[in-house]
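Enquirer: This is the structure, below, for whatever I ask next.
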Amino acid sequence: MRTVLGDVPAEQFGVCDAHDHLFFGSPRLPGEELRSASAARAELVAFRAQGGAGVVQWTPYGLGRRAADLPPLSRETGVHVVTATGLHQAVHYTEDTLGALRGRLAEVFVTELTEGIGTSGVRAGLIKVAGGFHALDAHAVWTMRAAAEAHHATAAPIAVHLELGTGALDVLDLLCGELGVPPERVVLGHLNRSPDFAVHRQAARSGCYLAFDGPSRAHHATDWRMPDAVRALAEAGHGDRLLLGGDTTTAAARSVNGGAGMPYLLRRVRPRLALELGEELVRRILVDNPGRAFAVAWPDRVVPWPS
Ligand SMILES: [Zn+2]
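100 is the number of the first residue of the sequence shown in my numbering; add one for each residue after it.
Okay, structure coming up:
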């Protein structure tokens, strides 16, 4: 795993929140930005107190990752942190930001994975991209093509925000079918937001990882289906492809601000799922699966980028 403090063997990573955010800010959520380093530190301490050992932050390029703040937070709290490169949906960016990335998006991803984010020296460990609602628009196709190129140069995993949990099969057709990314290097996120168990099974049959997250006030209507959805996938033989995360995206959702936050994953989701799956499978989902999903045999040398 490529953490913000360097590469860590997957076996040493421990209990992992496979999809969350320490820092995040989008013009779409004004006033709700995750910006406070002290709140992020307190959240990691609370997560660690529940037995948490690692967090994978899915915040992509340009959305307030605060890469330079991540190493001291990880060091001070003793929690491994993996951070992302990648690009979210177009609505999260200005035209100027997107214009400046035209023609060099894959190169930006590779640079952030292998050299570092900005001048921080902190390297990303995954590529985060986003689909659309039951379809992929031109922006999604552009970012996924760049993500696939960056994957082929580095072997980094690609984590996908599925809009309201939809579009899983379109994403797999593009990334794995057309662009040749091995399914076991793809993590689909937010499947709990569209609890169509048949589609979940179809996606899982490809061999990709399926990430369930929350709880979320915005997605309360479907969040309660998560234990059944996870059990159905486990019963269909896909227990080794399941991942769990908290996906804290607003300040109010942090546990230190009175929300569920990161510790909820271990405090309530873990025992709830143990009722469905047994303790041993839940342990594997929290420890072994993220160790495989996000582990990378980083190439010694990335092939120089064609200009
Ligand atoms: Zn997220």
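The C-beta atom is built at its ideal place from N, Cα and C for all residues, glycine as well.
As the structure is a prediction and not an experimental result, all values here were calculated from the model.
(1) May I ask which residues mark the beginning and end of the alpha helix (DSSP H) holding F123?
(2) What are the partner residues of Y308, as DSSP defines its beta bridges?
(3) Let me confirm a value: E211 is counted as buried when at least 16 other C-beta atoms fall within 10 Å, else exposed. Which label applies?
(4) Identify which residue in L343, N356 and T349 has its Cα closest to the Cα of G383.
(5) Taking contact to mean 3 or more Cβ pairs, one atom from each stretch, closer than 8 Å, check whether the stretch 230–248 and the stretch 268–279 are in contact.
(6) Which same chain residues, not among the five before or five after V381, have their C-beta less than 8 Å away from its C-beta?
(7) For chain C, check one thing: does any of its Cβ atoms lie closer than 7 Å to the Cβ of P389?
(8) For ligand 1, is there a heavy atom less than 6 Å away from the beta-carbon of D346?
(9) Locate the beta strand (DSSP E) running through I226, then write down its first and last residues.
(10) Quick one: what's got a C-beta closer than 7 Å to G113's C-beta in the same chain, skipping five residues either side?
(11) Ignoring anything shorter than 4 residues or poking outside the stretch 177–242, list the alpha helix (DSSP H) runs there in chain order.
(12) Check this for me: beta carbons of A394 and A141, under 7 Å apart or not?
(13) List in chain order: all unbroken alpha helix (DSSP H) runs of 4+ residues lying wholly within the stretch 353–387.
(14) Answer with buried or exposed for T196, where buried requires no fewer than 16 other C-beta atoms within 10 angstroms of its C-beta.
(15) At the level of alpha carbons, what is the spacing between G345 and G360?
(16) Can you tell which of Q111, V107 and Q156 has the C-alpha that lies nearest to the C-alpha of L133?
(17) Check P405 in the structure and name its three-state DSSP category.
(18) Output the boundary residues of the beta strand (DSSP E) element that contains A320.
(19) Give me, in chain order, the residues of the same chain whose beta-carbon lies closer than 8 Å to that of A138; leave out the 5 immediate sequence neighbours on both sides.
(20) When the Cα atoms are used, what is the spatial distance from V207 to R164?
(21) Measure the C-alpha to C-alpha separation of V286 and N388 and round it to an integer number of angstroms.
(22) Using CA coordinates, which residue listed in H118, V103, A335 and R101 is at the minimum distance from P362?
(23) With distances taken Cα to Cα, identify the nearest neighbour of D106 among D168, P129, F146 and L225.
(24) Please tell me whether T347 and H120 are closer than 7 Å, where the distance is taken between their beta carbons.
(25) Using CA atoms only, rank isn't needed, just tell me which of P281, V298, R340 and W323 is closest to Y308.
(26) Rounded C-beta distance between P261 and L235? I'm assuming under 8 Å.
(27) Could you tell me which residues DSSP pairs with D106 in its beta bridges?
(28) Look at the Cβ atom of M243, then the Cβ atom of V228, and state whether they are nearer than 7 Å.
Expert: With the structure as the only source:
(1) Residue numbering aside, residue 123 sits at position 24 when the sequence shown is read from its first letter. Secondary structure note for F123: it is in no alpha helix (DSSP H), with a DSSP letter that is neither H nor E.
(2) Along the sequence shown, read from residue 1 onward, the residue named residue 308 stands at position 209. Partner(s): V286.
(3) Working through the sequence shown from its first residue, we reach residue 211 at position 112. E211 comes out buried.
(4) Residue 383 sits at position 284 when you count from the first residue of the sequence shown. With the sequence shown as reference, residue 383 is identified as Arg, and Gly is not the correct amino acid for it. It is L343 whose Cα lies nearest to the Cα of R383.
(5) yes
(6) Along the sequence shown, read from residue 1 onward, the residue named residue 381 stands at position 282. Within the same chain, V381 has close Cβ partners R369, L372 and A373.
(7) Looking for chain C here will not work: only one protein chain is present.
(8) Looking up residue 346 in the sequence shown gives position 247. Yes - ligand 1 has a heavy atom lying nearer than 6 Å to the Cβ of D346.
(9) Within the sequence shown, numbered from 1, the residue matching residue 226 stands at position 127. Taken as a continuous stretch (DSSP letters only), the beta strand (DSSP E) holding I226 covers L225 to A229.
(10) Residue mapping note: residue 113 aligns to position 14 of the sequence shown, counting from 1. The answer, listed in chain order, is A152, G153 and V386.
(11) Whole alpha helix (DSSP H) segments, 4+ residues: 194–198 and 204–213.
(12) Against the sequence shown, residue 394 aligns to sequence position 295. Against the sequence shown, residue 141 aligns to sequence position 42. In this structure, A394 keeps its C-beta atom at 7 Å or more from the C-beta atom of A141.
(13) Complete alpha helix (DSSP H) runs here, min 4: 369–376 and 378–385.
(14) Position 97 of the sequence shown, counting from 1, holds the residue named residue 196. Classification of T196: exposed, given that the 10 Å Cβ count is below 16.
(15) Stepping through the sequence shown from its first residue, residue 345 is reached at position 246. Stepping through the sequence shown from its first residue, residue 360 is reached at position 261. C-alpha separation (whole angstroms): 7 Å.
(16) As a first step, residue 133 must be located in the sequence shown, where it is residue number 34. Comparing Cα positions, the closest option is Q156.
(17) The residue labelled residue 405 in the question sits at position 306 within the sequence shown. Per-residue confidence for P405 stands at a pLDDT of 49, beneath the threshold of 50, marking its modelled position as unreliable; the derived number appears in the next sentence. In the structure shown, P405 sits in coil (DSSP, three-state: anything other than H, G, I, E or B).
(18) Locating residue 320 in the sequence shown gives position 221, where the first residue counts as 1. Unbroken run through A320 is the alpha helix (DSSP H), H319 to D322; no beta strand (DSSP E).
(19) On the sequence shown, residue 138 is found 39 positions in, with the first residue counted as 1. Hits under 8 Å: A350, R353, V355 and N356.
(20) Translated into positions along the sequence shown, residue 207 becomes position 108. Translated into positions along the sequence shown, residue 164 becomes position 65. C-alpha separation (whole angstroms): 15 Å.
(21) Here the question's residue 286 lines up with position 187 in the sequence shown. Here the question's residue 388 lines up with position 289 in the sequence shown. Computed Cα separation, rounded: 11 Å.
(22) Locating residue 362 in the sequence shown gives position 263, counting from the first residue. It is H118.
(23) By 1-based counting over the sequence shown, the position of residue 106 is 7. Put simply, of D168, P129, F146 and L225 the residue whose alpha carbon is nearest the alpha carbon of D106 is L225.
(24) Along the sequence shown, read from residue 1 onward, the residue named residue 347 stands at position 248. Along the sequence shown, read from residue 1 onward, the residue named residue 120 stands at position 21. In this structure, H120 lies closer than 7 Å to T347 by Cβ.
(25) Counting from one through the sequence shown, the residue named residue 308 turns up at place 209. The shortest C-alpha separation from Y308 is found at R340.
(26) Working through the sequence shown from its first residue, we reach residue 261 at position 162. Working through the sequence shown from its first residue, we reach residue 235 at position 136. Looking at the sequence provided, one finds Leu at residue 261 rather than Pro. Actually they do not touch by this definition, with Cβ atoms about 11 Å apart.
(27) Here residue 106 refers to the residue found at position 7 of the sequence shown. D106 pairs with R101.
(28) Against the sequence shown, residue 243 aligns to sequence position 144. Against the sequence shown, residue 228 aligns to sequence position 129. Yes.
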